[in-house]
Structures are given as structure tokens and as C-alpha cells.
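Asker:
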Amino acid sequence: MRLLVTGGAGFIGANFVHAAVREHPDVHVTVLDALTYAGSAESLAPVADDVRLIHGDISDAELVEKLVAESDAVAHFAAETHVDNSLADPEAFLRTNVIGTFTLLESVRRHGIRLHHVSTDEVYGDLALEDPVRFTESTPYNPSSPYSATKAASDMLVRSWVRSYGVRATISNCSNNYGPYQHVEKFIPRQITNVLTGRRPKLYGAGANVRDWIHVTDHNRAVWRILSDGELGRTYLIGADGERDNLTVMRTLLRLMDRDPNDFEHVTDRAGHDLRYAIDPSVLRDELGWAPRHDDFESGLAETIEWYRDNESWWRPLKDASEAMYAERNQ
Numbered sequence: 004m005r006l007l008v009t010g011g012a013g014f015i016g017a018n019f020v021h022a023a024v025r026e027h028p029d030v031h032v033t034v035l036d037a038l039t040y041a042g043s044a045e046s047l048a049p050v051a052d053d054v055r056l057i058h059g060d061i062s063d064a065e066l067v068e069k070l071v072a073e074s075d076a077v078a079h080f081a082a083e084t085h086v087d088n089s090l091a092d093p094e095a096f097l098r099t100n101v102i103g104t105f106t107l108l109e110s111v112r113r114h115g116i117r118l119h120h121v122s123t124d125e126v127y128g129d130l131a132l133e134d135p136v137r138f139t140e141s142t143p144y145n146p147s148s149p150y151s152a153t154k155a156a157s158d159m160l161v162r163s164w165v166r167s168y169g170v171r172a173t174i175s176n177c178s179n180n181y182g183p184y185q186h187v188e189k190f191i192p193r194q195i196t197n198v199l200t201g202r203r204p205k206l207y208g209a210g211a212n213v214r215d216w217i218h219v220t221d222h223n224r225a226v227w228r229i230l231s232d233g234e235l236g237r238t239y240l241i242g243a244d245g246e247r248d249n250l251t252v253m254r255t256l257l258r259l260m261d262r263d264p265n266d267f268e269h270v271t272d273r274a275g276h277d278l279r280y281a282i283d284p285s286v287l288r289d290e291l292g293w294a295p296r297h298d299d300f301e302s303g304l305a306e307t308i309e310w311y312r313d314n315e316s317w318w319r320p321l322k323d324a325s326e327a328m329y330a331e332r333n334q
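Numbering-wise, the sequence shown is residues 4 to 334 according to our numbering.
1. What are the partner residues of Arg-117, as DSSP defines its beta bridges?
2. Find the nearest neighbour of Val-101 within the set His-186, Asn-88, Ala-156, judged by alpha-carbon distance.
3. Using the Cα positions of Asp-75 and Thr-220, report the straight-line distance between them to the nearest angstrom.
4. Per DSSP, which one or two residues make a beta bridge with Val-32?
5. From Thr-307 to Ile-191, what does the alpha carbon distance come to, in whole angstroms?
6. Suppose the cutoff is 7 angstroms on Cβ atoms and the five residues either side in sequence are ignored; what does the same chain contact list for Trp-310 look like?
7. Work out the CA separation of Arg-203 and Glu-268 for me, nearest whole Å.
8. Do Phe-96 and Gly-16 come within 8 angstroms of each other at the CB atom, strictly closer than that value?
9. Using a 10 Å radius around the Cβ and a threshold of 16 neighbouring Cβ atoms, would you call Asp-289 buried or exposed?
10. List in chain order: all unbroken beta strand (DSSP E) runs of 3+ residues lying wholly within the stretch 236-276.
11. Mapping the DSSP letters down to three states, classify Ser-122 as helix, strand or coil.
12. Work out the CA separation of Glu-133 and Pro-49 for me, nearest whole Å.
13. Please state the DSSP three-state secondary structure of Asn-145.
14. Counting along the chain, where does the alpha helix (DSSP H) carrying Trp-318 start and finish?
15. In chain order, what are the residue ranges of uninterrupted beta strand (DSSP E) at least 3 long that sit wholly in the stretch 152-183?
16. Hey, Leu-47 and Leu-56 are a contact pair by Cβ (cut 8 angstroms); roughly how many whole angstroms apart?
17. Along the chain, where does the beta strand (DSSP E) that runs through Val-213 open and close?
18. By alpha-carbon positions, which one of Gly-103, Val-252, Asn-88 ends up nearest to Gly-59?
19. If you draw a straight line from the alpha carbon of Glu-73 to that of Val-111, how long is it in whole angstroms?
20. DSSP state of Ile-61, grouped into three classes?
21. Hey, could you find the ends of the alpha helix (DSSP H) Leu-206 is sitting in?
22. If you draw a straight line from the alpha carbon of Leu-235 to that of Leu-90, how long is it in whole angstroms?
23. Within the chosen definition, does the stretch 107-127 reach the stretch 173-181 through at least 3 CB pairs nearer than 8 angstroms?
24. Could you check if Val-161 is buried or exposed, using at least 16 other CB atoms within 10 Å of its CB as the buried criterion?
25. Can you give me the Cβ contacts of Ala-305 inside the same chain, cut-off strictly under 8 angstroms, excluding the 5 residues immediately before and after it?
26. Between the C-alpha atoms of Val-24 and Asn-249, what's the straight-line distance to the nearest angstrom?
27. Could you tell me which of Pro-28, Asp-63, Glu-45 sits nearest to Thr-9, measuring between CA atoms?
28. Taking 6 angstroms as the limit between beta carbons, can you name the residues of its chain near Leu-6, skipping five residues before and five after?
29. Are there any heavy atoms of the ligand PLP lying less than 7 angstroms away from the beta-carbon of Ala-327, as far as the coordinates show?
30. Sorted by chain position, which residues of the same chain lie with C-beta nearer than 7 angstroms to Ser-148's C-beta, five sequence neighbours on each side aside?
31. Quick check: Gly-242 and Asp-215, are their CB atoms within less than 8 angstroms of each other?
32. Out of Ile-195, Arg-296, Ile-229, Thr-196, which has the shortest C-alpha to C-alpha gap to Gly-245?
33. Assuming Ile-337 is part of the alpha helix (DSSP H), what are its boundary residues?
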């Protein structure tokens, strides 16, 4: 199998590539990545001899056409993903998430290639904190930010290309990921690396916002399962029943790092900050037999902390610029 992984040098994509090399040695992996600030060749260093890395843009039609023509399947991770950045500069999100996905869809349509499109639960908007309802495949889209709006648009493009052109595609919408190789601008690695660099951790607002956390390796196991056995045209939701408010995550992280659980500072909340995300993954579990292996969030978080302790050379060059960006936003 010749597998093209777009965005394969980013957080989730790089972990997916590592797993593909480790668990599927018969698969030949090509990675297409723009290697912007959030993508790094260093994230693929452990498997560099086993993959082909192409530095290029997902909206480059000529390059995408060439790579798709050489492939049997595509796992599409390439995306701009950080909500704060989308609020500050939405144009890059339109270019990558919408035009990039359109470019890829046209190529897989012409060549009849199997596609799996990786998306987010943020396309559904948010839920009330006290609401027992969770997102399902039929939940109406209600995006809150330029990031989630452009991901919603990309999902709709995939669905329409399936219906109009018979493209062989599936979609997955996943909850918040954590684990190795996540950029230090994101909530969990930002707090870990703040502690490791002598900075105080930062919490948006009161920290009441709830997220459904899943370890990145569990997410990628689900993606592989869908790519292999998912029903064409279907959308699958990926979650690990890991709902926790940000304040609880912060205090757990500080306790695991032998710090006072209240040794953090509150900062200006994000504009339009979604209250709660919650995934119902029952279709994925019941139909494809997937279940998360990291069912103990605290254990998974401890492993993640140790990874950042052991891999300072990977994240240290990113840290100062990331914190300077937050400082400009009073966050």
C-alpha cells in the first residue's frame, strides 16, 4: 500500500506516521507537509529512513496531483488548527483548510483514490455545561471561530464530493488530543513547558470550559481503523469519554509535576470561547470495534509530561516565540 499523509509532520499526523511505520511495515508512507511553524521535520526524525518527506503546500495543485497519482490512499491531516491564530489571522485557515481540501479532493476524484479526512468536534459548536447531550454524527454544524468554520467547510466539501462525484471518502471528527510532539502553543504542552522553563502556567478565564480529552495514539488507531474498514461516505466521531474542565486539567498537571495545584495565573479569556465539547463515539465502537487504550487520563498525562522532560531539544526552539505571541494578546 502506498499511503500519502498530508500534514504528516504536524502533531497528530506525525504520530500517525510513527504508528504506520511501526505497525504496518508493508505500507510505503509519503508525507506532504508545508513545514510551517506547527510542522517539523524533527517530529519525523525517528522514522526518517522509513518515509519520504515532501516539503510542499496542500493547495499546490500540480504537486498534489503528482503525489496522489502515486498513491493508493490518502490520510488528510493537513490543516491550520489553532483557534487563537485563526482569530488573529483567518486568511491562512481559509487557504489551507478550504482551498487545500478542495485541491486534494479534485486530485483523488480524478485518480479514484481512497481518502480519509481528519476533522474536529469543534465544527459542532459547543454544549451547555450542564447539558447531558453529546455530539453525534447527526449534530448540526454550528462553528464558533474561523478555525472551526473552515474545518466545517472542508467537511462539507468532502461530503459533497462523495455525493456528486462518488469520491471514496470517510470523515472523522475527534475531540481534543494530547501527547508527544504537540506544539507548545496548545493548552497542555504550554503549561508543561511553562513549568519546565520557570514560567507560571496560564489559564483562560475561570477554567470552566470542558474538553473531551483523548490520547493522540488512540485517535490515530481509530483513523487507521476507519481508513481500513470504514463505510464509504460515513462520518465517525472519535472520543474517549474524557470530559474534564480546564481548571481540573491544570491542577492535575501541576500536581503531577510536584507543583502547588494553585500555582498558576488567570489570563484574558479567548473571544467566543466554546463552553463544552463532548463526543459520543458509540458508532465507532459498535461498528468497527475500536476502543481507547489510554482510558486513564492521569496516566496518559504523566507520560506526556515525561516526554516533554526528555525532549527539550524538540520544543525549546519553539517556546520563546510562542510565549511572545501570547504576551502580545495579554494571554
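Positions of the beta carbon are idealized from the N, C-alpha and C atoms, including for glycine.
Being a predicted model, the structure only gives us computed values, none of them experimental.
Answerer: On the basis of the data shown:
1. Counting from one through the sequence shown, the residue named residue 117 turns up at place 114. Looking at the DSSP assignment, Arg-117 forms a beta bridge with Ala-76.
2. Residue mapping note: residue 101 aligns to position 98 of the sequence shown, counting from 1. Ranked by Cα distance from Val-101, the options His-186, Asn-88, Ala-156 are led by Ala-156.
3. Translated into the one-based positions of the sequence shown, residue 75 becomes position 72. Translated into the one-based positions of the sequence shown, residue 220 becomes position 217. Rounded to the nearest angstrom, the gap between the Cα atoms of Asp-75 and Thr-220 is 23 angstroms.
4. Here residue 32 refers to the residue found at position 29 of the sequence shown. Note: Val-32 sits in a beta bridge opposite Leu-6, Val-54.
5. Locating residue 307 in the sequence shown gives position 304, counting from the first residue. Locating residue 191 in the sequence shown gives position 188, counting from the first residue. Rounded to whole angstroms, Thr-307 to Ile-191 spans 9 angstroms at the Cα level.
6. On the sequence shown, residue 310 is found 307 positions in, with the first residue counted as 1. Excluding positions up to five away in sequence, the list reads Pro-183.
7. In the sequence shown, the residue the question calls residue 268 occupies position 265. In the sequence shown, the residue the question calls residue 203 occupies position 200. Straight-line Cα distance between these residues: approximately 7 angstroms.
8. Position 13 of the sequence shown, counted from the start, is the residue given in the question as residue 16. Position 93 of the sequence shown, counted from the start, is the residue given in the question as residue 96. Taking 8 angstroms as the Cβ cut-off, Gly-16 and Phe-96 do not qualify as a contacting pair.
9. Taking the sequence shown and counting its residues from 1, one reaches residue 289 at position 286. So Asp-289 counts as exposed.
10. 238-241, 246-248, 268-270
11. One-based indexing of the sequence shown puts residue 122 at position 119. DSSP places Ser-122 in strand when its eight states are reduced to three.
12. Taking the sequence shown and counting its residues from 1, the one referred to as residue 49 is at position 46. Taking the sequence shown and counting its residues from 1, the one referred to as residue 133 is at position 130. Cα to Cα, Pro-49 sits roughly 44 angstroms from Glu-133.
13. Taking the sequence shown and counting its residues from 1, one reaches residue 145 at position 142. Looking at Asn-145 - three-state DSSP - the assignment turns out to be coil, as it is neither helix nor strand.
14. One-based indexing of the sequence shown puts residue 318 at position 315. Start and end: 315-331.
15. 172-177, 179-181
16. Stepping through the sequence shown from its first residue, residue 47 is reached at position 44. Stepping through the sequence shown from its first residue, residue 56 is reached at position 53. Confirmed, about 6 angstroms.
17. Residue 213 sits at position 210 when you count from the first residue of the sequence shown. From DSSP, the beta strand (DSSP E) with Val-213 extends over 213-218.
18. Translated into the one-based positions of the sequence shown, residue 59 becomes position 56. Among Gly-103, Val-252, Asn-88, the Cα nearest to that of Gly-59 is on Gly-103.
19. Residue 73 sits at position 70 when you count from the first residue of the sequence shown. Residue 111 sits at position 108 when you count from the first residue of the sequence shown. Glu-73 and Val-111: Cα-Cα distance of roughly 11 angstroms.
20. The sequence position of residue 61 within the sequence shown is 58, counting from 1. Coil at Ile-61, not helix or strand.
21. To locate residue 206, count along the sequence shown from 1; it is residue 203. Where Leu-206 is concerned, there is no enclosing alpha helix (DSSP H), although the beta strand (DSSP E) it sits in stretches over 205-207.
22. Numbered from 1 along the sequence shown, position 232 holds the residue referred to as residue 235. Numbered from 1 along the sequence shown, position 87 holds the residue referred to as residue 90. The alpha-carbon atoms of Leu-235 and Leu-90 are separated by roughly 34 angstroms.
23. Proximity of the stretch 107-127 to the stretch 173-181 meets the contact definition, three or more beta-carbon pairs being nearer than 8 angstroms.
24. Here residue 161 corresponds to residue number 158 of the sequence shown, with the count starting at 1. Counting Cβ neighbours within 10 Å, Val-161 comes out buried, since at least 16 surround it.
25. Mapped onto the sequence shown, residue 305 falls at position 302. Here the set comprises Leu-259.
26. The count along the sequence shown starts at 1 and reaches residue 24 at position 21. The count along the sequence shown starts at 1 and reaches residue 249 at position 246. In a straight line, the C-alpha of Val-24 is about 34 angstroms away from that of Asn-249.
27. Residue numbering aside, residue 9 sits at position 6 when the sequence shown is read from its first letter. Closest by alpha carbon: Asp-63.
28. Numbered from 1 along the sequence shown, position 3 holds the residue referred to as residue 6. So the qualifying residues of the chain are Val-30, Val-32, Ala-76.
29. Among the components of this structure there are no ligands whatsoever, and the ligand PLP is therefore not found.
30. Start at 1 with the first residue of the sequence shown, and residue 148 comes out as number 145. Closer than 7 angstroms at Cβ, skipping near neighbours: Val-86, Ser-89, Leu-90, Gly-275.
31. By one-based count along the sequence shown, residue 242 stands at place 239. By one-based count along the sequence shown, residue 215 stands at place 212. Yes; because the gap between Cβ atoms is below 8 angstroms, this pair is in contact.
32. Taking the sequence shown and counting its residues from 1, the one referred to as residue 245 is at position 242. Of the listed residues, the one whose Cα sits closest to Gly-245 is Arg-296.
33. This structure gives no information on residue 337, because the portion of the chain shown stretches from 4 to 334.
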